[in-house]
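Here's the structure, in structure tokens; my notes come after.
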Amino acid sequence: MPELPEVQTVVNTLEPQIKNKKLLSYTTLWKRVNYSKNSSLLNATIKNQAINSISRKGKYIIIKTNKYFIIFHLRMTGYLYYSKKLIKNKYIRCYFSFTDSTYLIYEDIRKFGGFYYLKDLTIIDDKLGIDALDDSLTYSWLKTNLKNKKRQIKGLLLDQSFIAGLGNIYIDEVLWLSQIHPLTISNKIKLKNIKLLTENIKSVLYKSIKHHGTTIINFKFDNMRTGEYRNKLNVYGRNGKECNYCKNIIDKAVISGRGTYYCKTCQHY
DNA sequence: CCATGAACCTGGTCGC
DNA sequence: TGCGACCAGGTTCATG
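Here the first sequence is numbered in the working numbering, starting from 81 and rising by one per residue.
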């Protein structure tokens, strides 16, 4: 579910709740939630580690302690939250206990998400390209990097090793705003549209963060709160409805293996 | 290098 | 009410 704005919302929520807390133990109810498969190391070393910081890169949540990094990915249905009580719920896959008897709980209906428990960040640094909100993602960077590839723009933007953070919803929104058809080959995109694309990536993501992300079905943060950016969507999920700009009907097609929403009148090659 | 489809999972919705 | 088919904010792997 979560793309950059949803992940940032989770980070913003957790930061004041868990920063400086001291960990006591780790409990797993679904073993494969630990991607690095080192739960015995984790159990042996977790006690008394303090949470130093919590941040984000791409769609990863980075919890830094004084000794290790706990690097979460929520995939489609992950829900990471702080709780003063240990609730009972069949979707809880693991939880971390703090020394003050409060908890960092991870739920995940589909079991796709999980975390790495590692000494450094190389595992994600190797996978991820430039962060979508990084200041160095500029018009000239995008121009250069779109021109030297020949890939469908939708698939390219889904590729986290190119730009990290965008996902299915925001890509469709950003391409609509930038009047680019999702099948356009990257090196054919007009400079005017690359300019728009640069600006719209930033503005859509910032605006969504301001609205706590987008909840379509499962996205939740904090205490069951949902994102309100859904009301701002122009194309995602709006197939069969009128385009907010030209009033023609929004189309849906499978592109790069994902349901893709676009206006064939407003978006061209 | 690139596109595509399957796999990893569970649940909700729609049509019959 | 029941059942099957299809769909879902993601990533990774195999195949052509």
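In this text, a Cβ means the ideal position worked out from N, Cα and C, and glycines have one as well.
Straight-line gap, residue i to residue j (C-alpha atoms, nearest Å)
i, j, result
"S181", "K165", "8 Å"
"P96", "N225", "37 Å"
"T264", "T345", "14 Å"
"K170", "K268", "49 Å"
"T107", "L84", "27 Å"
"R155", "P82", "7 Å"
"L255", "Y196", "33 Å"
"K199", "F176", "18 Å"
"R136", "K287", "17 Å"
"I329", "H348", "15 Å"
"D331", "R318", "8 Å"
Continuous beta strand (DSSP E) stretch holding residue i: start and end
i, result
"S283", "Element bounds for S283: not the beta strand (DSSP E) but the alpha helix (DSSP H), L271 to K290."
"T184", "With the sequence shown as reference, residue 184 is identified as Leu, and Thr is not the correct amino acid for it. Element bounds for L184: Y183 to D188."
"V334", "D331 to I335"
C-beta atoms of residue i and residue j nearer than 9 Å
i, j, result
"I134", "L103", "no"
"S241", "G209", "yes"
"G320", "G307", "no"
"L160", "A212", "no"
"L356", "K229", "Lying outside 81 to 349, the shown extent of the chain, residue 356 is not represented and no answer is given."
"H261", "Y342", "yes"
"G158", "G193", "yes"
"E253", "Y316", "yes"
"F149", "K101", "no"
"N92", "I289", "yes"
"L109", "R173", "yes"
"K234", "I335", "yes"
"N277", "Y250", "Note that residue 277 is Leu in the sequence shown here, rather than Asn. Taking 9 Å as the Cβ cut-off, L277 and Y250 do not qualify as a contacting pair."
Endpoints, alpha helix (DSSP H) assigned at residue i
i, result
"G235", "I233 to L238"
"K137", "From DSSP, K137 is part of no alpha helix (DSSP H) but of the beta strand (DSSP E) over I131 to K137."
"S120", "S119 to T125"
"I203", "T202 to D205"
"D89", "At residue 89 the sequence reads Thr, which differs from the Asp that was named. Looking at the DSSP string, the run of the alpha helix (DSSP H) that includes T89 is L84 to I98."
"K227", "Y219 to K227"
Closest by C-alpha distance to residue i, when choosing among the options
i, options, result
"T202", "G158, K230, G245 and I151", "I151"
"L217", "F178, A244, G339 and K234", "A244"
"S220", "I251, F195 and K272", "K272"
"K227", "G337, I274, K127 and D214", "I274"
Worksheet entry | the segment 142-161 contacting the segment 276-286, beta-carbon criterion three pairs below 8 Å | no
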